[in-house]
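Student: Quick one: the structure is below, questions incoming.
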Amino acid sequence: MNISQTPLNNPKQSFTERFKQVWQKLTAPHPSIKEIGEFRRAQLLSILTLILSVLFIFALLFRPSSVGVFFAFAGITLLSYALSKTRYYRLGTYIFAYAFTAIGYIRIYQSTTDSIELSITTTVHIALVFSSVLLSQRGFLTLVILSTLATITAPYYSNMSSENLGSTTGIVFSIGAILYGIQIFRANLDKEQLQELTQSNRELEDITANLEERIKTRTFELNEANQQVQERATRFQIISEISQEISSDVDQQPKELLNRITQSISEKLGFYHVGIFLLDENSEYAVLRAANSQGGQRMLERHHQLKVGGTGIVGYVSQGGRPRIALDTGSDAVFFNNPDLPQTKSEIALPLKYGTQVIGVLDVQSTLSAAFKDEDANLLSTLANQIAIVIKTVLINERSEFPLASQRGNKASKQITHKQKQGGYSYHPDGTISTALPANSAIVDQAIESGETVMLVQPSKSNPAVLAVPVKFRDQVIGIIHIEATEGNRRWTEDEIAMVQAISDRAGFALENARLFEETARRAEQEETIAHVTSQIGASTDFNRILQTTIQELGQALGASRSFIQLGTPSENGNKK
């Protein structure tokens, strides 16, 4: 990485800026010094010795009286400055502090000062102040002790006398003690600040680590949720495809239809065994009618059946009418260990309901433990309800008196379409439902004509998103589901479209189922009327009474205003006259 630096002689810089750069360069410690306390001491030593060096240069102009002491101290100052720029700056601090302090006592020893007090006041006191900042606690304490001893013993190595030597010694010791106390206080303060800073950094690191962990956990949860949503959407799409496949042709034989259902579920959802049980006429046994696995085929050959409410999950569901999941077949108390299906590790059984009546059970088994979740139960329950409608429709059609399935389908489509043309229902955002006439729009017309789902390609605020899904039965459009979004710029997702299409398929079968139910009820009413009229006619042996009863019962049954019965032909009656 290239870093551009402004040269020192850049004419665009002010004098202050250039002086600041030069000063920083002259007082900067050695790069190897990283600890903040040592960095400050090294920098302070550089500043003090640099200032003194400059002062010594100016002092030469005034011809100092003690030339030897002057040059000795100047040399010590320059040496200390040179050491301050290296990693050995500590040696420079000791040389500077001890030498500066020793000068005062050297002057006393040489008797070049007016008094002991004057020499100590002008040198030792100042040296102690500098030393308290530059030296360590141990080094400064040693200097204070030595200075105190040198002061009190001054008469022994000097010819000078002092009447106030005791007070001078006390002042030196007091100044040293005070500075030493301040030094300890500052050290403790720095230590506490360092501890607080360390604690803050540790807390910040903990917060950062927790935040990173939370972000990692949240990211994992989001990825897992997205994966679950994708898996659910995929399964929903598969369920929709299975529903369309099994409902595309309900004119086939029940056995073929059931086998097709089990094969389709097993292949597309990847389950080990899929079986369909239907209740017998007395709802006493759940009889296996179709299965995809080899074990299931063996069970079909021996007419496998389970008692309703008896052993196994199928027996439990056939009686209770609620789904049951065995996540671990080895520990589930209700699970029945079937020797024909030895690889089963988990199982789910769902009731096949026609309205509120249980007509059978969809049994799905997997070779994986805990293969089924609550979402799987919901999706498979939707499929089970669809299968129940298809099975019931096929069984009703099989007993129908109409000769051709295509005729039944065409008639059903016409009946339902006729009702649809009479009107429909609309759901409003406030939750109310009202009757409505069929929507007249190009999208609705296109959906009816093509039989495919149509939606507005580029919605806007003035043209909200519209979705038109045809309701079909036997590939014939019998209605339309028209949905208009409340948001102007909304776009329909694939999952939403697939959901509406699945509901449309179920609605078509539900309408057909309702029609078949009404037709069956009407046929039963007709049979009851015929039986009643026949019983009334057969109750009499009188000729005229039979005729009267016949015409009376027919008139009441049909709600006719006038009924007439005649025996023979008009020509025969005329000849008799």
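Start counting the sequence shown at 374; every next residue gets the next number (this note's numbering). Ideal Cβ positions, reconstructed from N, Cα and C, are used throughout, including at glycine. Keep in mind that this is a model prediction, so the values were computed, not measured.
(1) Given that a residue counts as buried once 16 or more other Cβ atoms are within 10 Å of its Cβ, and exposed if not, what is A582?
(2) If you follow the beta strand (DSSP E) that F745 is part of, which residue opens it and which one closes it?
(3) For S405 and R413, what's the separation of their Cα atoms in angstroms?
(4) Look up M672 in the DSSP assignment and say whether it is helix, strand or coil.
(5) Put F644 into one of helix, strand or coil per three-state DSSP.
(6) What does DSSP give as the partner residues of S739 in its beta bridges?
(7) Between A659 and L652, how many whole angstroms is the CB-CB distance? I'm expecting something under 8 Å.
(8) Tell me the start and end of each unbroken beta strand (DSSP E) in the segment 565-650 that is at least 3 residues and wholly inside, in chain order.
(9) Counting Cβ pairs, one atom from each stretch, are 3 or more of them under 8 Å apart for the segment 483-495 and the segment 503-514?
(10) Is the beta carbon of A523 sitting closer than 7 Å to the one on S457?
(11) Whole-angstrom Cβ separation of F609 and A871, contact assumed at under 8 Å?
(12) Quick one: measure Cβ to Cβ for A757 and L725, integer angstroms, because I've assumed they're closer than 8 Å.
(13) To the nearest angstrom, how far is it from the Cα of Q759 to the Cα of M828?
(14) Can you tell me whether K726 is helix, strand or coil according to DSSP?
(15) Is it buried or exposed for P715, if we count other Cβ within 10 angstroms and need 16 for buried?
(16) Which residue marks the beginning of the alpha helix (DSSP H) containing E857, and which one marks its end?
(17) Determine, using beta-carbon pairs with one atom in the segment 463-473 and one in the segment 494-513, whether at least three such pairs fall under 8 Å.
(18) Could you work out which residue in F435, P696 and L577 is closest to K746 when comparing CA atoms only?
(19) With the cut-off set at 7 Å, would you say T466 and L399 are in Cβ contact?
(20) Quick one: what does DSSP say M533 is sitting in, helix, strand or coil?
(21) Identify which residue in Q394, A606 and I919 has its Cα closest to the Cα of D868.
(22) Could you give the first and the last residue of the continuous beta strand (DSSP E) run that contains I493?
(23) In the DSSP output, what is G733 paired with across the bridge?
(24) What residue range does the beta strand (DSSP E) around F846 cover?
(25) Which residues in the same chain as N537 place their Cβ atom closer than 8 Å to its Cβ, once the five residues preceding and following it in sequence are excluded?
(26) In angstroms, rounded to a whole number, what distance separates the CA positions of A432 and I449?
(27) Just to confirm before moving on: does the CB-CB distance between R435 and A447 stay below 7 Å?
(28) Sorted by chain position, which residues of the same chain lie with C-beta nearer than 8 Å to I555's C-beta, five sequence neighbours on each side aside?
Tutor: Concretely, from the data shown:
(1) Burial call: exposed.
(2) Element bounds for F745: n/a, residue is neither H nor E.
(3) Using only the alpha carbons, I get a separation of about 13 Å.
(4) The DSSP-derived three-state label of M672 is helix.
(5) In this structure, F644 counts as coil in the three-state DSSP scheme.
(6) Per DSSP, the beta bridge partners of S739 are S719.
(7) Rounded, the Cβ-Cβ distance is 6 Å, consistent with contact.
(8) Runs of the beta strand (DSSP E) inside the segment 565-650: none found.
(9) As far as the Cβ criterion goes, the segment 483-495 does not touch the segment 503-514, which means the pair count is below three.
(10) The answer is no: Cβ separation not under 7 Å.
(11) About 6 Å separates the beta carbon of F609 from that of A871, a gap short enough to meet the 8 Å contact definition.
(12) Contact between A757 and L725 holds: their C-beta atoms lie close to 6 Å from each other, under 8 Å.
(13) Take the alpha-carbon of Q759 and the one of M828: they are about 26 Å apart.
(14) Correct three-state label for K726: strand.
(15) P715 should be labelled exposed.
(16) Unbroken run through E857 is the beta strand (DSSP E), Q849 to E857; no alpha helix (DSSP H).
(17) Segments in contact, yes.
(18) Per the Cα distances, P696.
(19) No. Outside cutoff.
(20) In this structure, M533 counts as coil in the three-state DSSP scheme.
(21) Selection Q394, A606 and I919 evaluated against D868 yields A606 as nearest (Cα-Cα).
(22) Neither: I493 is in no beta strand (DSSP E) and is coded neither H nor E.
(23) Beta-bridge pairing links G733 to L651 and L725.
(24) Run containing F846: V839 to F846, per the beta strand (DSSP E) assignment.
(25) Counting only Cβ-Cβ distances below 8 Å, and skipping sequence neighbours, we find E490.
(26) One C-alpha to the other measures close to 16 Å.
(27) Before going on, a small fix: residue 435 reads as Phe here, not Arg. A447 sits away from F435, with the two beta carbons spaced by 7 Å or more.
(28) Same-chain partners within the cutoff: S505.
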